[in-house]
Amino acid sequence: MLDWLPPTLIGVLLVLAVIGAVRRINLWRAGQAEKVHIVAGLFAMPKRYLHDLHHVVERDKYMSRTHVATGGGFVLAMVLVLFVHLFGVDSKVLAWALLAALVMMFSGALFVYKRRLNPPSRLSKGPWMRLPKSLLTFSITFFVLTLPAAGVLPAGFGGWLLTLALSVLILMSLGEMLFGMTWGGPMKHAFAGALHLAFHRRPERFGGGRSTGLKPAVLGGASHGVAKPTDFKWNQLLGFDACVQCGRCEAVCPAFAAGQPLNPKKLIQDMVVGFAGGTDVKYAGSPYPNIEVGNAKGSPDQIITEGLVNPDTLWSCTTCRACVEECPMMIEHVDAIVDMRRFLTLEKGQTPNKGAQVLENIIATDNPNGYAPAGRVNWAADQNLPVMRDVKQADVLFWVSDGAFDMRSQRILRAFVKLMKAANVDVAILGDEELDSGDVARRLGDDATFQNLAKRNVATLSKYRFNKIVTTDPHAFHCLRNEYGDFGSNEWTSLSGEPVEVLHHTTFLNRLVKEGRLQLDAFKGGKVTYHDPCYLGRYNGEYEAPRELLASLGIDVAEMERSKFRSRCCGGGGGAPITDIPGERRIADMRMEDVVSTGADMVAVGCQQCTAMLEGVVEPRPVVKDIAEILAGQIVEAE
1 MLDWLPPTLI GVLLVLAVIG AVRRINLWRA GQAEKVHIVA GLFAMPKRYL
51 HDLHHVVERD KYMSRTHVAT GGGFVLAMVL VLFVHLFGVD SKVLAWALLA
101 ALVMMFSGAL FVYKRRLNPP SRLSKGPWMR LPKSLLTFSI TFFVLTLPAA
151 GVLPAGFGGW LLTLALSVLI LMSLGEMLFG MTWGGPMKHA FAGALHLAFH
201 RRPERFGGGR STGLKPAVLG GASHGVAKPT DFKWNQLLGF DACVQCGRCE
251 AVCPAFAAGQ PLNPKKLIQD MVVGFAGGTD VKYAGSPYPN IEVGNAKGSP
301 DQIITEGLVN PDTLWSCTTC RACVEECPMM IEHVDAIVDM RRFLTLEKGQ
351 TPNKGAQVLE NIIATDNPNG YAPAGRVNWA ADQNLPVMRD VKQADVLFWV
401 SDGAFDMRSQ RILRAFVKLM KAANVDVAIL GDEELDSGDV ARRLGDDATF
451 QNLAKRNVAT LSKYRFNKIV TTDPHAFHCL RNEYGDFGSN EWTSLSGEPV
501 EVLHHTTFLN RLVKEGRLQL DAFKGGKVTY HDPCYLGRYN GEYEAPRELL
551 ASLGIDVAEM ERSKFRSRCC GGGGGAPITD IPGERRIADM RMEDVVSTGA
601 DMVAVGCQQC TAMLEGVVEP RPVVKDIAEI LAGQIVEAE
């Protein structure tokens, strides 16, 4: 008899899998050191998997239930296989539990098989196409193998012939599962993904948290940014390996949709090629638009942009975080892109098109367009606004941002000031003491300039007392709220002794309306839709305040198909209008098509950059107005 063969094969495959795991871990550990809490991370991993990861997976109900059945069934079955078939524990309870787990796994695998019969274009093909067959083979093989242990069939049923056949199937199915996990294959995400959740670079994202601020570059070293794969932190490399190639990031990427040379899924797979060594010839998903697969080569110590990834791919990103928001494995695409941009900008000086000039302007004049710094207050000459250097303190410090230099944005600033005066808000501005927030410099990879601006702005703000900072610019809002903390903003103390609040103007205006401090007439201007700015929504989680403000005017927002966390980027973030990488169409045009599809006469926005991008679409098109402008037009004048 060959009764010894199945447990021997299981044992040998497990040993080989462990060898593969050690090899894979060594590939990750070639990255830069990053402190993690190993024990705490491992203990937190199950909750992060069951709650946080499935919160994202649950958006696709079909795949959520499929994943629970298939993944949960496999994990439970694998544990029980060790007891029943490897260690030979004689227990009908365990055997029946194993049969139940295998039935659950089989049911899920059927749905995986159905999905792969006509897969969406975003899904990678290749080895992934044989995965449902391996899952089905595994569940059927071990179901039959377990029937004698459960007492359903007599011991030795089928004789040596059945045992030999089952052993071959064990090699095919269990080999695919275990080798795919640790040696590289369609199950790789199961091993890497579990550890990625345990040792995630942004543990603050779990438990309902939000972590979107970029990590500061360490300045003054031999090199800056990520030049080669081993320059990434080791847990970033681990995160790349966790990619399941589902293509959700690809489906929501505005640059990919516009035909620019970026596909976030392909980029993450290229990072894997880089740290593991080799080429992209086996990649079986959508390529970068108009770039043929098979020519990219990489190795752990090779410069990434010299043969693996074209720099234009990195500069196409708008940093909108749609890919990160949609990723079921919680991979941080934007962090990786900006890390690589830092090398191109700080070390190579290769910021494309107007990028270098904009950075020079910021360094010389503290604003991207090179305007005279003293001109920052010209827009407010007739606004009678107090300046902080004169009053020293105020309830609200209005952070004007670089809209002060743009005539269209100045209309938004004046509308906001009108609302402040109508609500009798104690507000002041910094005047010419205010510098650029540094957002553009940081997204373009010049973290040295960003850090310089951040420190100077923090020092200026530290001289005064205020309860809130309010701005109409979501990009400045994000920097002040989420990125200045690394440079001392956490030490600001308000007039009331509480931490200073940093608010977007829609959030603050919504408070004023709810408090009855703003009296507004109903809006009668036609159908209105609302565009969620990336840096207000996905970066800061503010979706409701703008909608509540519009509702306070009696507006029933006509929602676009892509709204809230799935809002399509306008194309204005991440320095994209500056680097201006050509594609097949403009992102702003695609967003305006979304607007037009609602039948709206007006699109309400909450971002100066979004206003500029959407108004840049050729007319005829709906009117574009900031929410502050809409509200200012509805103020009930005091009699």
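Just so you know, we're using full-length UniProt numbering here: the sequence shown kicks off at 1 and counts up by one. Using N, Cα and C, we set each Cβ at its ideal position, and we do this for glycine too. The structure presented is a predicted model; accordingly, all values stated were derived computationally and were not measured.
Query                                                                                                                                                                        : Result
Report all residues from its chain with a CB closer than 7 Å to the CB of E325; omit the five preceding and five following residues, and keep chain order.                   : R538 and F565
If contact is defined by three or more beta carbon pairs under 8 Å, each pair taking one atom from either stretch, is the stretch 26–37 in contact with the stretch 108–122? : no
Are the stretch 476–491 and the stretch 519–531 touching, with three or more C-beta to C-beta distances below 8 Å?                                                           : no
State the start and end residues of the unbroken alpha helix (DSSP H) segment that holds W234.                                                                               : W234 to D241
Taking buried to mean at least 16 other C-beta atoms within 10 Å of its own C-beta, is I19 buried or exposed?                                                                : exposed
Between C317 and V89, what straight-line distance do the alpha-carbon atoms span, to the nearest angstrom?                                                                   : 55 Å
Just the Cα atoms here: how many angstroms apart are V427 and A604?                                                                                                          : 25 Å
Per DSSP, Y530 is paired with what?                                                                                                                                          : A604
Tell me whether V387 sits in a helix, a strand or coil according to DSSP, three-state version.                                                                               : strand
Please state if the CB of L174 and the CB of L76 are separated by a distance shorter than 9 Å.                                                                               : no
Using CA coordinates, which residue listed in V391, C243 and A476 is at the minimum distance from A192?                                                                      : C243
Report all residues from its chain with a CB closer than 6 Å to the CB of F199; omit the five preceding and five following residues, and keep chain order.                   : V36, G41 and N235
Give me, in chain order, the residues of the same chain whose beta-carbon lies closer than 8 Å to that of L9; leave out the 5 immediate sequence neighbours on both sides.   : S167, I170, L171 and L174
Tell me, please, whether the stretch 64–71 touches the stretch 217–236 by the rule of three or more beta-carbon pairs shorter than 8 Å.                                      : no
Give the DSSP-derived three-state secondary structure of E542 in the structure shown.                                                                                        : coil
Identify which residue in V358, N290 and R481 has its Cα closest to the Cα of A441.                                                                                          : V358
Straight-line CA distance for S437 to T313?                                                                                                                                  : 26 Å
Residue ranges of each beta strand (DSSP E) run of no fewer than 3 residues wholly in the stretch 337–412, ordered along the chain?                                          : 393–399
To the nearest angstrom, how far is the alpha carbon of S494 from that of Q32?                                                                                               : 39 Å
My guess is that residue 664 and Q393 are in contact by the Cβ rule of under 8 Å, so how many angstroms apart are they, rounded?                                             : The structure shown does not extend to residue 664, since the chain spans only 1 to 639, so no value can be given for it.
Do you know offhand how far A296's Cα is from G355's?                                                                                                                        : 26 Å
Would you say R586 and A258 are within 9 Å of each other, going by their C-beta atoms?                                                                                       : yes
Would you identify the three-state DSSP class for I25, choosing helix, strand or coil?                                                                                       : helix
What are the boundary residues of the alpha helix (DSSP H) that includes N457?                                                                                               : D447 to L461
Please report the straight-line C-alpha distance between A372 and E433, rounded to a whole angstrom.                                                                         : 13 Å
Under 9 Å, do V391 and G431 count as touching if we go by C-beta distance?                                                                                                   : no
When DSSP labels each residue in this structure, what does N467 get in the three-state scheme?                                                                               : strand
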